[in-house]
Amino acid sequence: MSYRVLFVTAEYAPLAKTGGLADVSTALTRFLHRRGDDVRVFVPLYRRIAEQRLELVPVEFLQGLEVRLGAHVYPYRVLTGIAPGSDLALYFVDCPALYDRPGVYSSDADEHRRFLALTRVALDCAQRMGFAPHILHCNDWHTAFGPLLLKTAYAWDRLFAATRSVLTIHNIGYQGVFGAEHAAELGLGAGDALLHQDDLRAGRINSMLHGVLYADLVTTVSPTYAREICTPEYSLGLDPFLRARADHLVGILNGVDYDEWDPRHDPYLPVHFDADDRAGKAELKRRLLAQLRLDAGPATLLFGLVSRLVAQKGIDLLPPVLPDLLSGHDCALVALGSGEPGYEEFLASLQRAFPGRVVFHRGYSEELAHWIEASCDAFLMPSLYEPCGLNQMYSLRYGTVPLVRRTGGLADSVAPYSPAHGSGTGIVFEHFDPAGLRWAMEAALALWREPAHWQRLVLNGMAQDFSWERQGALYIDEYRRLAGPG
Ligand code: ADP
Ligand code: GLC
């Protein structure tokens, strides 16, 4: 009962990460590998990976190759190597013309070709390796043309006769739309007729849409988000197509990689703790407050925020709520993130307005992210939408109470605390408006003042288990439904 899986992704932690896609690609493929599945992961050799001095070895029979996308021909070769912390060998696509650039993503005119090339190369290399996958597993818009390519350009090859395709939607907010003048680059031949014709006439091609239309199975990263994206409010236009494929759409909540995120052995922390003895957490809070020169003590409710600073994350709700709250209560905030300049500026100005009460670290820091999860008392995730969200699940394990809006994976992983029953793991608000967030933060402050309740809430959260052993098994169920017993 093991599967051959061709897994294609734009991000892989810790090598190339901008968000949760990286964490999930890594954790899911490691889970498959541990289980004994033959999983071959294809990722671009971005400049930032090339600079990491991993010991990469050229794959002998995957050298001096080229991938043709319409009139564009890109020379490439494939290197293999082990990512830190695992013995799973990855396949890195070394194509400097496409990947030797500063970031993982770009706003360059050939952005769609960067990932179309990745998808094509993965399939071409499977052919050269004689690797007949049971499952082609694609992720987000970047590799969403995989299923259609399998049904057209690669349909002739018996190697793929039994291959079934899966598209996992991590975020429907990014759909990879590009101009119809690039249609020939897809290399579909007569399969062009399978492109969405109204879009073509309107001059555009939507990558995610074609994954939705042609994947044998579409998954997304929580059951609630699977329902939400079937509605116009959440789908950014794809809901009619998703509803039409409702029988082939499933929501599977992401797991947490507890090797990386566990206060009992977190390598970023000098002090460890667990549910039975949380003295280490208090000590970490003391050290963080001192290090950041915050004028706050053990009785101050310390809120944490680690986020891409984009509208999705609900940052718009903060300006109307935080200044009042910080003036009127014994609370403080440590925020880490980067993104839209307006949001960065708001957090920087909050720090100026509340010296000693607010620290904003602009940028990306794996270490500080772990410190915030471990040291804070509560974690803010007031998302506008959230396909899954990982930080609220990390927070639970670290005894940091998640304060979330009831949407997507937040709704599926955080249960509202009920003082009457002592049940629930976090503070949950319903409506996306400042009043909702204000209510939730005040509820947190009220519970904080009642140590018996706060302790119950913390311990309920720490007892949760979102391990990949559980969540990954749900992917295996789907693989089995698609490809048989393996
Ligand atoms: P998304 O993928 O939408 O950004 P997730 O909650 O799924 O949201 O995953 C975000 C991941 O990225 C988490 O592992 C989080 O700790 C990390 N992250 C986000 N911003 C930063 C940052 N500025 N520094 C360090 N880690 C960050
Ligand atoms: C996306 C979503 C996030 C999810 C992550 C991993 O980036 O925004 O909610 O957790 O993908 O699936």
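As numbered in the numbering used here, residues 148 to 633 make up the sequence shown, in order.
From the three backbone atoms N, C-alpha and C, an ideal C-beta is built for every residue, glycine too.
What you are looking at is a predicted structure, and each value in this text was computed from that prediction instead of being measured.
Rounded separation between residue i and residue j - CA only
i: Val-418; j: Leu-473; result: 29 Å
i: Arg-177; j: Leu-235; result: 7 Å
i: Arg-433; j: Arg-596; result: 19 Å
i: Phe-208; j: Tyr-301; result: 20 Å
i: Gly-211; j: Pro-205; result: 11 Å
i: Leu-542; j: Lys-298; result: One detail in the question is off: residue 542 reads as Ser in this sequence, not Leu. Taking the straight line joining both Cα atoms gives about 42 Å.
i: Ser-485; j: Ala-500; result: 20 Å
i: Leu-306; j: Val-268; result: 15 Å
i: Glu-514; j: Ser-496; result: 24 Å
i: Tyr-545; j: Ala-525; result: 10 Å
i: Met-588; j: Pro-581; result: 11 Å
i: Leu-621; j: Leu-314; result: 15 Å
i: Asp-624; j: Gln-274; result: 26 Å
i: Leu-480; j: Pro-379; result: 35 Å
i: Arg-425; j: Gln-618; result: 27 Å
i: Ala-163; j: His-568; result: 43 Å
i: Glu-533; j: Leu-203; result: 36 Å
i: Asp-421; j: Pro-598; result: 18 Å
i: Leu-464; j: Phe-579; result: 8 Å
i: Val-453; j: Thr-572; result: 19 Å
i: Ala-591; j: Val-551; result: 11 Å
Option nearest residue i by Cα separation, candidates the options
i: Cys-272; options: Glu-332, Asp-234, Tyr-223, His-578; result: Tyr-223
i: Gly-556; options: Leu-439, Ile-316, Glu-198; result: Ile-316
i: Arg-428; options: Trp-303, Ser-522, Gln-459; result: Looking at the sequence provided, one finds Lys at residue 428 rather than Arg. Closest option to Lys-428, Cα to Cα, is Ser-522.
i: Thr-367; options: Leu-465, Trp-288, Lys-460, Ala-562; result: Trp-288
i: Gly-583; options: Arg-553, Val-505, Gln-611, Ser-565; result: Arg-553
i: Asp-409; options: Asp-386, Phe-613, Asn-318; result: Phe-613
i: Glu-332; options: Leu-621, Thr-447, Tyr-221; result: Tyr-221
i: Thr-371; options: Met-355, Leu-400, Val-365, Asp-257; result: Leu-400
i: Arg-261; options: Thr-156, Gly-232, Ser-233, Met-276; result: Thr-156
i: Ala-458; options: Asp-471, Pro-529, Ala-422; result: Pro-529
i: Asp-120; options: Ala-391, Phe-278, Asp-442; result: Residue 120 lies beyond the range of the chain shown here (148 to 633); nothing can be said about it.
i: Gly-217; options: Ser-254, Ile-229, Gly-336; result: Gly-336
i: Tyr-238; options: Ile-196, Glu-616, Ala-244; result: Ile-196
i: Gln-539; options: Gln-611, Ser-570, Leu-592; result: Gln-611
i: Arg-455; options: Glu-487, Asp-442, Ala-437, Leu-416; result: Glu-487
i: Gly-326; options: Ala-291, Asp-257, Gly-631; result: Asp-257
i: His-180; options: Phe-154, Gly-338, Leu-201, Glu-375; result: Phe-154
i: Thr-290; options: Arg-374, Cys-242, Leu-385, Val-188; result: Val-188
i: Met-609; options: Gly-475, Asp-423, Val-551, Met-276; result: Asp-423
i: Glu-375; options: Ala-160, Tyr-564, Ala-558, Pro-191; result: Ala-558
Buried or exposed (CB count within 10 angstroms, at least 16 for buried), residue i
i: Pro-445; result: exposed
i: Gly-334; result: buried
i: Ser-349; result: The question names Ser, yet the displayed sequence has Ala at residue 349. By the neighbour-count rule (16 or more Cβ atoms within 10 Å), Ala-349 is not buried but exposed.
i: Arg-311; result: buried
i: Thr-547; result: buried
i: Gly-402; result: buried
i: Gly-451; result: buried
i: Thr-165; result: exposed
i: Asp-247; result: exposed
i: Glu-520; result: buried
i: Glu-198; result: exposed
i: Ser-354; result: buried
i: Trp-303; result: exposed
i: Pro-249; result: exposed
Near the ligand COA: residue i beta-carbon under 6 Å from a heavy atom
i: Asp-170; result: The ligand COA is not part of the structure shown, which contains the ligand ADP and the ligand GLC as its ligands.
Per DSSP, the bridge partner or partners of residue i
i: Met-528; result: Val-551
i: Leu-480; result: Phe-450, Val-505
i: Tyr-622; result: Per DSSP, none; premise fails for Tyr-622.
i: Asp-421; result: Asp-424
i: His-289; result: DSSP, once it has assigned bridges, lists no residue as partnering His-289.
i: Phe-239; result: Val-190, Leu-226
i: His-219; result: Leu-216
i: Thr-367; result: Ile-316, Gly-398
i: Phe-576; result: Arg-552
i: Arg-596; result: Beta-bridge pairing links Arg-596 to no other residue.
i: Arg-151; result: Asp-185
i: Ala-340; result: None; Ala-340 has no bridge partner.
i: Arg-351; result: Gly-326
i: Pro-205; result: Leu-226
Distance between beta carbons of residue j and residue i, contact taken as under 8 Å
i: Val-324; j: Ile-352; result: 7 Å
i: Leu-265; j: Val-225; result: At roughly 11 Å, the Cβ-Cβ gap does not stay under 8 Å, so Leu-265 and Val-225 are not in contact.
i: His-343; j: Leu-364; result: Between Leu-364 and His-343 the Cβ distance is about 20 Å, and since that is not below 8 Å, they are no contact.
i: Gly-477; j: Leu-448; result: This sequence places Asp at residue 477; Gly is not what is there. Right, their Cβ atoms sit about 7 Å apart.
i: Val-251; j: Tyr-193; result: 6 Å
i: Trp-586; j: Leu-594; result: Not quite, the Cβ-Cβ distance comes to about 13 Å (not below 8 Å), so this is no contact.
i: Glu-491; j: Arg-509; result: 6 Å
i: Leu-527; j: Phe-507; result: Wrong, their Cβ atoms sit about 13 Å apart, outside the cutoff.
Minimum Cβ-Cβ distance from residue i to chain C less than 7 Å
i: Gly-546; result: Absent from the structure: chain C. Only one protein chain is present.
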